[in-house]
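Everything below concerns the one structure shown next.
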Amino acid sequence: MMNKELVSNISYQQTGTSSLVNELGMREMQAKAYAQRNERFLLIKAPPASGKSRALMFIALDKLKNQGIKKVVVAVPEKSIGRSFKDTELKRFGFFDDWNVKQYFNLCDVENEHDKAGRFCEFMSDSCPDRILVCAHATLRNGMKQINDSQFNNCLLAIDEFHHTSADEASGLGDIVRRVMNNSTGHIVAMTGSYFRGDGVPVMRPEDEARFTPVTYNYYQQLNGYKYLKNLVLGYHFYSGSYLDHIGEVLDTTKKTIIHIPNVNSRASTGAKYQEVADIMNYIGTEVSRDNGIYQLRTPDGRMLKVADLVEDAAEVRSHVYGYLQNMTKAEDMDIIIALGTAKEGFDWTWCEMCLTVGVRGSLTEVVQIIGRCTRDCEGKTTARFANMIAMPDADQADVKVAVNDFLKAITASLLMEQVMAPRWNFRTTLEDIEAHEGMKGVGTVVVEGLKPLESVKAKQIVAEQLDDLMATILQDVHVQKAISGSTTVETITKVLIPKIVRETYPELSADDVEAVSHRAMLSILFNGNEVVDKEGNAVDVSMLDNGNQESEGNRFLKLSNRLIDLNKLSINLIETINPFQRAYEILSKNVDADVLRVIQDTLAEMKIDMTQEQAIILFQGPYKQYVAEHDGKKPSSDDPDPKVRELAAAYQKLVNLKLRKMMGLDYNEE
């Protein structure tokens, strides 16, 4: 039988440190950001629910009082997120001022929709005495078309969900950032929970990013320091047919849940989003009443649930639902929210316990943001859950390549989430630099023989502050998707593929730093999720591990691909012989049945070597038949060390798949 679920359960220590406040009323992450408040360009990278909004308030108020800043503009992706920047009392917790936004200049207020760009321009004029404006990214783009860059002199621009900007010339937000940086004396605070994009385009140009001072606070620091939440469960549930026939296998109506249905253009969608919402509501219960998108449903066991419909496009309904959600004050105000493209970034529902997402998300950024909806700490919530329903690849589907790619995206997303949310590893070159790593909480330290030292400041910054972002880039690479299936040689992965991605992502690095950073990224992926044991086979807490201490009791071993690797003898030469994505393939093999795995393997074998249908026919009629004749009927193998033999195997598989599609009466468009 096929195991239909891939589940990872990560536990945290509930130290409470990330929720404790200092004498100024600041939590751990906020205090870390505030320490850099005098920087002109500040990049805050911290998970959803870590307190970035209030961190910005502290920094902005200090700039207004002590740094000569006259005005503050806060831009958010969508108006529902504007509630995070509403009036906030700070003085009674120890800070010197409160955060107050005049309603007229809260352009995310659903009660006042008129002439937002005009009000933005009014605020930016010298004659306006008001100090703070909150608007959506779209309003910022429209308003900036009507003012001069110099009007941002002595102003602070704060951009929430900064990954919406792009180094691309056509990016409106990216252009605004460059205008403020280069053509004014303005300051910038950029905030994001996921500093990587799904389209592979950098958020900022390297020369611009170098001018920002980064402040990084990772998921593990946040979740480990919570007071109430102690478990995060990440699950991928694979189904056949329509997701609506299987949603009952995943949805628990006793949990506060956000359901994200698939985009109407995705493979998982039925193409009728309103009917999907109706079907989900029918599963939840019987409608008792409705009020412009807010429903009362009675469950089969008699419970009354409040359900919000954020899929409905009608402006009146949507505005009403947004207004209701923005004014929730207690857990009883809502039970389930059904959404499509909203309720992701910055959406604040403290009591949310579960995010149920249907369909593979095209960007790992989106996955991070969705998970963040259920990871806020609150009394009574000990476990948060993220469940992603994924359609199984099926040989009967017309576009098997898309299905396989979707499946692999699910695997890579789970790998990245474990890496981001689990304890971090620190890899050192020698025993002598142990002092440099004292005080690193929750970090296992391992000495790796032959590991190149990090030479430049940039390389050290990448490893210290941006390693998760780099691994996201690696795991989203199309060639890595193939490597996860075992269809790429280890040497190609470790010596060509990963260094190429690092070099393209950070073109300013020297060749030595590219190698040094590549090794650390590879080690992080390799160590991710593999258990560390002592010589008796007992599990070792990673936060207590320091392989640099030769006097520690017993040897430490890494259980990897049914092998035990002695961490006291770890070397780069050894690591370069191990596929860092092997564990992903083991997960894939474990969680699908033989037929589905064969579809994946066959499709990837075809994709492994780029060739047209005509090229495949030529190879099959000539070299392929010759090879079979010379080897007593043995067919070429896709695992053969000879690349020419692998090419023949790929040609044969391409023709087999093509014939299979034609036999099924499926259209096949040669790309």
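Each residue of the sequence shown is one higher than the one before, counting from 44 in the numbering used here. Here a beta-carbon is modelled for each residue, glycine too, at the ideal position from N, C-alpha and C.
The residues G215, L216 and I219, in chain order, have a CB closer than 8 Å to that of R184 in the same chain once the five nearest residues on each side in sequence are set aside. Take G291, set aside five residues on each side of it, and the residues of its chain with a beta-carbon closer than 8 Å to its own are Y326, in chain order. CA-CA distance, L569 to N622, rounds to 8 Å. Exclusion of the five residues before and after R428 leaves V276 and M397 as the residues of its chain whose Cβ lies within less than 6 Å of its Cβ. Pairing T455 with L383, the inter-Cα distance amounts to about 23 Å. The shortest C-alpha to C-alpha distance from T60 to any of K113, N267 and M167 is the one to N267. Counting only runs of 4 or more residues that sit fully inside the region 492-566, the alpha helix (DSSP H) segments are 500-508, 510-519, 521-527 and 541-548, in chain order. Following the DSSP letters along the chain, one finds R333 inside the beta strand (DSSP E) bounded by residues T329 to D334. Secondary structure at L601: strand, using DSSP grouped into helix, strand and coil. For Q73, the three-state secondary structure derived from DSSP is helix. L513 and K273 have their C-alpha atoms spaced approximately 27 Å apart. Taking 8 Å as the cut-off, the beta carbon of D173 is found closer than this to the beta carbon of K145. Remark: C-beta atoms of E558 and K501 do not approach each other more closely than 8 Å.
Taking I527 as the centre and dropping the five residues before and after it, the same chain places the C-beta of L451, I454, T455, F624, A627, Y628 and L631 closer than 8 Å to its C-beta, in chain order. Leaving aside the five residues that flank R341 on each side, the residues in its chain whose CB is nearer than 7 Å to its CB run, in chain order, G328, T329, V331 and M347.
Between the region 411-424 and the region 92-99 there are three or more C-beta pairs closer than 8 Å, enough to call the two in contact. Around the beta carbon of P496, a 10 Å sphere encloses fewer than 16 other beta carbons of the protein chains shown; the residue is thus reported as exposed. The beta carbon of D449 sits closer than 6 Å to the beta carbons of V403 from its chain, once the five residues preceding and following it are set aside; these are given in chain order.
Under a 10 Å Cβ-count criterion, F128 is classified as buried, with 16 or more other Cβ atoms of the shown protein chains found around its own Cβ.
With respect to the C-alpha of Q669, the residue from I381, L691 and C164 having the closest C-alpha is L691. With contact defined as three or more Cβ pairs closer than 8 Å, the region 138-152 and the region 75-86 are not in contact. Under the criterion of beta carbons closer than 8 Å, T235 and E204 qualify as touching, at roughly 6 Å.
For E48, the three-state secondary structure derived from DSSP is strand. Residue pairing by DSSP puts K114 in a beta bridge opposite C198. Excluding its 5 nearest sequence neighbours in each direction, L607 has C-beta neighbours in its own chain below 7 Å: F600, listed in chain order. In this structure, the straight-line span from the alpha carbon of P679 to that of T655 is close to 19 Å. Secondary-structure assignment with DSSP links Y279 through a beta bridge to L49 and N431. When rounded, the separation of the alpha-carbon atoms in I544 and Q318 is 43 Å. Out of K122, F148, M464 and Q110, the CA that lies nearest to the CA of V116 is found in F148.
Judged by DSSP in its simplified three-state form, A382 adopts strand. Judged by pairs of C-beta atoms under 8 Å, the region 298-315 touches the region 369-389, as three or more such pairs exist. Cβ-Cβ distances below 8 Å link V364 to N335, G336, I337, A351, D352, L353 and E355 in the same chain, with the five nearest sequence neighbours on each side left out; the list follows chain order.
If you look at H180, you'll find it in the alpha helix (DSSP H) that goes H180 to M187.
Taking a C-beta distance under 8 Å as the contact criterion, V506 and V560 qualify as a contact pair. From the listed residues F470, Y549, A637 and S530, the smallest Cα separation to I618 is found for F470. Rounded to whole angstroms, A374 and G423 show a C-alpha spacing of 10 Å.
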